[in-house]
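In this note's numbering, the protein residues as written are -17 to 531. No residue lacks a Cβ here, since even glycine has one placed at the ideal position from N, Cα and C. The next block holds one structure in the form of structure tokens; read it before the comments.
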Amino acid sequence: MISPLQKARAAYQPKLPVALRQGAAVGIQQGEPTTAVADVEKIRELFPATFGSPVLTFEAAARPAALPAVNVGVILSGGQAPGGHNVIAGLFDGIKSLNPDSRLYGFLKGPDGLVKNEVMELTADFIADYRNTGGFDMIGSGRTKLETEEQFLKGLEHCRALGITALVIIGGDDSNTNACLLAEYYKKNNAGIQVIGCPKTIDGDLKNEWIEASFGFDTACRVYSELIGNIGRDANSAKKYWHFIKLMGRSASHIALECALQTQPNIAIISEEVAAKGMTLGQIVDDMAKVVAARAARKCNFGVALIPEGLIEFVPEVKKLIAELNDLLAQEAEAFGKLTDAESKTAFVAAWLSAGCAAVFQSLPKGIQAQLCNDRDPHGNVQVSLIETEKMLAEMVKARLAEMAAEGKYNGKFSTQTHFFGYEGRCAAPSNYDADYCYSLGYTAAALIGAGKTGYMANVRNTMRPASEWIAGGIPITMLMNVERRHGHDKPVIRKALVELDGKPFQTFAARRAEWATETAYVYPGPIQYFGPSEVCDQVTRTLELEKA
Ligand code: FBP
């Protein structure tokens, strides 16, 4: 059974940029050759076959008589983001427009499916049930890193068996870095397989002057903002709780910033600012406690505070601690693996750390100490979504307020509720923006395949305008790369786009936050609207609106 909304959404026909409306066989305008964001010579050396390709812009073209049929494989990689199914639907419709005999295969459970040959053909009937739906359940996703020659060769063998000559990898910065490595390897070895990437992640940190947004950011932020608005209204009704809300976003604070702009909470921490100011945990807690005290002085013993998921890695002293912990967990993996209880693990760690880091480690609540020692993800990242920063800060602010009360600087009540919004938004039915954007990205990927391109990321821009004015094309993935130190080695990776403190979204927030801290100026965005007046259904994020203003 499907819900009435699902039924109505199934009938929604996503919009396409004009250049793609006659099909995926398009005219192409080539820009100037490109370079990399940094470490240009190194990237050129590492990607001799794909480096320097031009930016491509599509133009509508007269439909050619017949293009050869193409077999394409698609992979969903990393965390779920609303709209992934529409990328696949757009890709399917796009390759069928090139030639109705084209076929689409879905590798199951992420990049692993390519390596292990777990694959299924995606037919029109099968895809129909997933159009305009959230989730990645059509073929599943995974976080396996595609980076070894053995994996590339396995992938090649499995593609050849199905006659697949193009792969589309839908993922974030790490997955598109892998797409770039794969494209280079296949091109260098004349394997006859094109590789195209698509920018996905609710975190919003895969963007640059060409990529206006990673898909899923719009929908996820709308879901979180609805919830934050509801909580703000509850807080303002009951007037007895401070709500500490952690928001997903492994590293960058784009989600926290966008939600702050949409809802006007009393506090929103932006990790990038914490790092730039070199703030300690103590200073963050102090600032928060001051806002609580200022509101208490106005008899407002309630509030809403937004905390970005990645915060602790941006606090310089904690970042240093995590770096030492990463080394420890890598070097002492065997000895550490033998420890079974949290107490012996934290004792082992405290003895191994430098004096400064050990002091920071000891200052953290016990639960957080244990969470910092947990396993890393396959890319070596601390699994920040498992670290309960919102609870840690609630505890620390409470302790600070007790000190302030003793000093006569605070006279109020402080009761907290903590929340973590992440999974609530990752699989929501895509907003009109994400439904259209994703379908267009998939269709664009088909056009890049039809044009014989590889090592490109599908690209749709001018998206704050109506879809009829969107511009589609491709950018070489090498253009996004630089060299970074990962696990003790220099590696070519896509540079993460963090919140820019001199950018308009942050500046707008910074200009208003003092007022939002003391006033109760909450905005209640309400749920995503899929049908109705354009001003409520087709808004873009405040971030995009301000960046492109
Ligand atoms: P991607 O970067 O793969 O899109 O994932 C984003 C994200 O939702 C982060 O915001 C979060 O930290 C992480 O995934 C959680 O992943 P998991 O559920 O696999 O632990």
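Taking each of ARG468, SER516, ILE453 and LYS530 in turn and checking the Cα distance to THR39, the smallest one comes out for ILE453.
Within its own chain, the residues whose Cβ lies closer than 7 Å to the Cβ of CYS241, once the five positions on either side in sequence are excluded, are CYS203, TYR206, SER207, ILE210, LEU229 and LEU288, listed in chain order. Close CB contacts of ALA531 within its chain, under the 8 Å cut and outside five residues either way in sequence, are with LYS486 (chain order).
Looking at the DSSP output, TYR438 bridges to ILE178 and PRO458.
Membership of ILE152 in the beta strand (DSSP E) is indicated by the continuous run 146 to 153. When rounded, the separation of the alpha-carbon atoms in ARG467 and ARG477 is 12 Å. Taking all protein chains in view, the Cβ of HIS236 is crowded by 16 or more other Cβ atoms within 10 Å, so the residue is classified as buried.
Following the DSSP letters along the chain, one finds HIS225 inside the beta strand (DSSP E) bounded by residues 224 to 229.
Here the alpha carbon of SER79 sits roughly 16 Å from the alpha carbon of GLY55. Between MET102 and ALA271, the C-beta spacing is not below 8 Å. Burial state of VAL518 is exposed, judged by a 10 Å Cβ sphere holding fewer than 16 other Cβ atoms. THR500: member of the alpha helix (DSSP H) spanning 486 to 500, first to last residue.
Apart from sequence neighbours up to five positions away, the residues of its chain that approach GLY92 with a beta-carbon distance below 7 Å are ILE57, LEU58, SER59, GLY122, SER123, GLY124, ARG125 and THR126, ordered along the chain. Taking all protein chains in view, the Cβ of GLN244 is crowded by 16 or more other Cβ atoms within 10 Å, so the residue is classified as buried. Looking at the DSSP output, ASP472 bridges to ARG467. Within the same chain, LEU86 and ILE109 come within 6 Å of PHE74 by CB-CB distance, once the 5 residues on both sides are set aside.
For VAL481, the Cβ stays outside the 7 Å cut-off from all heavy atoms of the ligand FBP. For the pair of segments examined, the stretch 506 to 518 was found not to touch the stretch 422 to 437: the number of CB pairs separated by less than 8 Å stays below three. By the beta-carbon neighbour count (other beta carbons within 10 angstroms, threshold 16), PRO(-1) is buried. Counted as a single uninterrupted DSSP element, the stretch harbouring VAL205 is not any beta strand (DSSP E) but the alpha helix (DSSP H) occupying residues 199 to 220.
Annotation for GLN399: the continuous beta strand (DSSP E) segment containing it runs 398 to 403. At least one heavy atom of the ligand FBP sits closer than 7 Å to the Cβ of VAL366.
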